[in-house]
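Trainee:
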Amino acid sequence: MPKGVEYKHTINIPATKYYLYRFEDSLTSVQFKFVLQSVDKHLEYYVAQGKGDQVTIRTLVDSYRAKLTLQAVYPDEVHEQTTEFTEGAVKQVTINAYERDPKARAACIDKYGSICKVCDFNFEAIYGSIGKGFIHVHHKVDIATIGKSYQVDPINDLIPVCPNCHAMLHTGKPAMSIEKLKQIIDSSNT
Ligand SMILES: [Zn+2]
Ligand SMILES: [Zn+2]
1 MPKGVEYKHT
11 INIPATKYYL
21 YRFEDSLTSV
31 QFKFVLQSVD
41 KHLEYYVAQG
51 KGDQVTIRTL
61 VDSYRAKLTL
71 QAVYPDEVHE
81 QTTEFTEGAV
91 KQVTINAYER
101 DPKARAACID
111 KYGSICKVCD
121 FNFEAIYGSI
131 GKGFIHVHHK
141 VDIATIGKSY
151 QVDPINDLIP
161 VCPNCHAMLH
171 TGKPAMSIEK
181 LKQIIDSSNT
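Here's what the structure looks like:
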C-alpha cells in the first residue's frame, strides 16, 4: 500500500480500517497519500471485476483524504473542520466538498494555472520549487443554491486563489465574489 500500487487480494473491512489507522499514524502525509491511492486502485479493480462497490472502504478513504486536504490547506482550522472518527461514525466535514474534489481541482488548475486569480500571487515565484503548483481552489457557487443533481463545472465554478485571498473570500456567507475582493485590494492600495 505505501507504494501507491494496486493490490488485487481483497482485504476485509476491519483489516483495511486497521491498516489505514496504523499507516495514518506512522507515515508522513505524503506517504499516506500513496496508501490512499493504493486503496483507490484496489477499489477500481474490484468494481472492474463486477463485484460491486465497496462503499464502506470508499467512504473511509474519502474521509481520510478530506482530513489530509484539510490539514494541508487550513492548518489552524483543522480543529473545527476536520473529519473525526468517533466510535466508527464519521462526522460531516463542513467545508465545501467541491474545493476538495481532486479531479475538479486538477481540471481547474489545468485551465487557469496555479496563480491566484485575485492578487496574482505565484507560490513558485516566491518559494521556488517547493511552491510549484501550490494553490487553493475556490468554489464560486453558493452551496445554499445547489440542488441535488448539481455537478461541479471546474471551469466555470472553480477558481484558483492563494490561501490569503481564499480566507478573505470566506469571511462572508455566502463567500464574497472574486471581483469584490479585487476591488477591496485596489481601494486599500490607493
Ligand atoms: Zn491571492
Ligand atoms: Zn472557497
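The numbers in UniProt numbering rise by one with no breaks, and the one at position 43 of the sequence shown is 43.
Even glycine gets a Cβ: it sits at the ideal position worked out from N, Cα and C.
The structure displayed is predicted, hence computed values, not measured ones.
Below 8 Å on the Cβ atoms is my contact criterion, and I expect S188 with P160 to pass it. Report the Cβ-Cβ distance as a whole number of Å.
Mentor: Contact flag wrong, Cβ pair sits at about 22 Å.
Trainee: Output the boundary residues of the alpha helix (DSSP H) element that contains L43.
Mentor: Counting along the chain, the alpha helix (DSSP H) containing L43 begins and ends at 29–48.
Trainee: Only counting the same chain, and skipping five residues up and downstream in sequence, which positions put a Cβ closer than 7 Å to that of D142?
Mentor: Excluding residues within five positions, the ones whose Cβ falls inside 7 Å are P174.
Trainee: What is the chain-ordered set of residues for which the beta carbon lies under 6 Å from any non-hydrogen atom of ligand 1?
Mentor: Taking each Cβ in turn, the ones that pass are C116, V118, C119, F121, V161, C162, N164, C165.
Trainee: Determine the burial state of Y74: buried for a count of at least 16 other Cβ atoms within 10 Å of its Cβ, exposed for fewer.
Mentor: Confidence in Y74 is poor, its pLDDT being 45 and thus under 50, which makes the residue's placement unreliable; the coordinate value appears in the next sentence. So Y74 ends up on the buried side.
Trainee: Identify which residue in V61, G172, L36 has its Cα closest to the Cα of K140.
Mentor: The option with the nearest alpha carbon to K140 is G172.
Trainee: Is any heavy atom of ligand 2 found at a distance shorter than 7 Å from the C-beta of G124?
Mentor: Note on residue identity: the sequence assigns Glu, not Gly, to residue 124. Flag unset: Cβ of E124 not near ligand 2.
Trainee: In angstroms with no decimal places, state the Cα-to-Cα distance between I57 and K182.
Mentor: Approximately 42 Å, taken between the alpha carbons.
Trainee: CB L27 to CB V61, shorter than 8 Å?
Mentor: Against a cut-off of 8 Å, the Cβ pair of V61 and L27 comes out as no contact.
Trainee: Pairs of beta-carbons, one from the segment 99–117 and one from the segment 45–59, closer than 8 Å: are there three or more?
Mentor: Touching, no.
Trainee: Can you tell me which of D157, V39, A104 puts its alpha carbon nearest to the alpha carbon of I146?
Mentor: The shortest C-alpha separation from I146 is found at D157.
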